[in-house]
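**Student:** For the record, in the sequence shown the residue sitting at position 244 is 988 according to the working numbering, with numbers rising by one throughout.
I'd like to ask some things about the structure below.
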Amino acid sequence: MSASRKSRESRARTQEALWGDAPGRPSRGPKRGLSVEKIASTAIAIADAEGLDGISMQQVAGRLGYTAMSLYRYVPGKDQLVGIVYDRAIGPPPGSAAPDGPAEESAESSAEAPGWRAGVYHWVRSILKVYDRHPWLLDVTISTPPLGPNQLGWLEALLQELSDIGLADDEMLHLAMFVAGAVRDLARTSLELEQAPDRTGVSVEERGGNYARAMRELMDGSRFPALSRLVASGVFEPGGTAYNGISPGLDFGLRRLLDGVESHVRPVGGAVDA
């Protein structure tokens, strides 16, 4: 069998597993009691406990009481398993934001009137909750556009919030991908900082203090004038916000981004509908 044909068959079997059309077309008949759903839920439990590196065909099969070869009848391989598990773990997209917004909103986002901007904030908060429940999702390499039903559902939910506000179709997609990518990258940075104490033995608070002290020592006003001004103002000093907290930066950046979008689509002398 050629490599291209094998790749096509692997993609087809993965799509079947993602969308539930068939149990991976087992070549010798399905094992009683085994299914894509059981395989995926077991792999998710392993990843929640041990991280993404804990997932292997052998490990999942052992947890289920089967051989690794049994899993290959349902899932082509580990890469495909991770793709299936990713889609299952992110779950279905969020519903519409409540008119008054959820109680845990930040002061900035709660000030948003109901409408498309509040909808975008709701989407962002919802995906952050998913990353908080399953932080290993941030370690999954994104090598293809979203293909699973849940991944497409999340993209659809965000696009729905951006529909009918005056953006061209390509602008809607560009904005949705930018928001999703920015949130994911900031969440990954926060997670890496949160995990740093386990790797280094240095607490988050101490790490923040060390960084602020290093910045004070390294600053050269003639070489880094903007940075030097910020260091002198104390913005790098540990404060009330967790050192790994992304909420202030994310909230400010998202608000300014949406301000720009609103200005871009606002008719001269008018305002875009919320």
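By construction, the Cβ of each residue, glycine as well, lies at the ideal position given by its N, Cα and C atoms.
To the nearest angstrom, how far is it from the Cα of S850 to the Cα of E936?
**Tutor:** For S850, the predicted model reports a pLDDT of 44, less than 50, meaning its position is unreliable; a value from the coordinates is still stated below. Taking the straight line joining both Cα atoms gives about 23 Å.
**Student:** To the nearest angstrom, how far is the alpha carbon of A833 from that of G993?
**Tutor:** C-alpha separation (whole angstroms): 26 Å.
**Student:** Determine, using beta carbons only, whether V884 and L1001 come nearer to each other than 9 Å.
**Tutor:** Not a contact, by the Cβ cut-off of 9 Å.
**Student:** Which term fits M916, buried or exposed, when burial requires 16 or more other beta carbons within 10 angstroms of its beta carbon?
**Tutor:** With 16 or more other Cβ atoms within 10 Å, it is buried.
**Student:** Helix or strand or just coil, what does DSSP make of E981?
**Tutor:** Of the three classes helix, strand and coil, the one that applies to E981 here is coil, per DSSP.
**Student:** Just mark A784 as buried or exposed, buried being the case when its beta carbon has 16 or more other beta carbons within 10 Å.
**Tutor:** The residue in question, A784, is buried, as its Cβ has 16 or more Cβ neighbours within 10 Å.
**Student:** Can you round the beta-carbon distance between A796 and W898 to whole angstroms, since I take them to be within the 8 Å contact cut?
**Tutor:** With the sequence shown as reference, residue 796 is identified as Leu, and Ala is not the correct amino acid for it. No, L796 and W898 are not in contact; Cβ-Cβ is about 19 Å, not under 8 Å.
**Student:** For the alpha helix (DSSP H) containing R869, name the first residue and the last one.
**Tutor:** It spans W860 to R877 - the alpha helix (DSSP H) in which R869 sits, taken as one unbroken run.
**Student:** Is the beta carbon of T758 less than 9 Å from the beta carbon of P820?
**Tutor:** Yes, Cβ-Cβ distance for T758 and P820 is below 9 Å.
**Student:** Once the 5 residues before and after H878 are set aside, which same chain residues still bring their CB inside 6 Å of it?
**Tutor:** Closer than 6 Å at the Cβ level, and outside the excluded window around H878, lie A833.
**Student:** Once you ignore the five residues that flank A805 on each side, which residues in its own chain have a CB closer than 7 Å to its CB?
**Tutor:** These residues qualify, in order along the chain: T811, A812, S814 and L815.
**Student:** Is it the case that the segment 892-909 contacts the segment 933-951, given that we only count it when at least three CB pairs across the two stretches are under 8 Å?
**Tutor:** No, the segment 933-951 is not in contact with the segment 892-909.
**Student:** Quick one: using the 10 Å Cβ neighbour count with 16 as the cut-off for buried, is M921 buried or exposed?
**Tutor:** So M921 ends up on the exposed side.
**Student:** Distance check for D942 and A912, CA to CA, integer angstroms please.
**Tutor:** Each residue's alpha carbon lies about 46 Å from the other.
**Student:** My understanding is that V829 touches I799, with C-beta atoms under 8 Å, so please give their C-beta distance in whole angstroms.
**Tutor:** That pair is a contact at about 7 Å.
**Student:** From the DSSP output, in three-state form, read off S1007 for me.
**Tutor:** S1007: helix per DSSP, three-state reduction.
**Student:** Distance check for G965 and L971, CA to CA, integer angstroms please.
**Tutor:** If you take the alpha carbons of L971 and G965, they lie about 8 Å apart.
**Student:** Take G1014 and list the residues in its own chain whose beta-carbon comes closer than 8 Å to its own, dropping the five residues that flank it on each side.
**Tutor:** Any reading at G1014 must be qualified, since the residue scores a pLDDT of 49, below 50, and its modelled position is unreliable; no value is offered.
**Student:** When DSSP labels each residue in this structure, what does S934 get in the three-state scheme?
**Tutor:** Helix at S934.
**Student:** Per DSSP, what kind of secondary structure is S785 in: helix, strand or coil?
**Tutor:** S785: helix per DSSP, three-state reduction.
**Student:** Roughly how many angstroms lie between the CA atoms of A761 and D1003, to the nearest whole one?
**Tutor:** When rounded, the distance between both Cα atoms is 41 Å.
**Student:** Any idea what DSSP makes of V884, helix, strand or coil?
**Tutor:** In this structure, V884 counts as coil in the three-state DSSP scheme.
**Student:** Determine the DSSP secondary structure at A963, reduced to helix, strand or coil.
**Tutor:** Reading off the sequence, residue 963 comes out as Met, not Ala. The answer is coil: DSSP assigns M963 none of H, G, I, E or B.
**Student:** Which stretch, first to last residue, makes up the alpha helix (DSSP H) that contains V804?
**Tutor:** Unbroken alpha helix (DSSP H) run through V804: M801 to L808.
**Student:** So the candidates are A901, S907, L962 and R869; which of them puts its Cα closest to the Cα of A931?
**Tutor:** Nearest option by C-alpha distance: R869.
**Student:** Skipping 5 residues on each side, what residues in its chain have a beta carbon closer than 8 Å to that of Q802?
**Tutor:** Once the five neighbours on either side are set aside, the close Cβ partners of Q802 are A812.
**Student:** Hey, how far is the Cα of P969 from the Cα of E781?
**Tutor:** If you take the alpha carbons of P969 and E781, they lie about 56 Å apart.
**Student:** How would you label H866, buried or exposed, when you count the other beta carbons within 10 angstroms and need 16 or more for buried?
**Tutor:** Label assigned to H866: buried.
**Student:** For V1009 and G997, what's the separation of their Cα atoms in angstroms?
**Tutor:** Roughly 19 Å separates the two Cα atoms.
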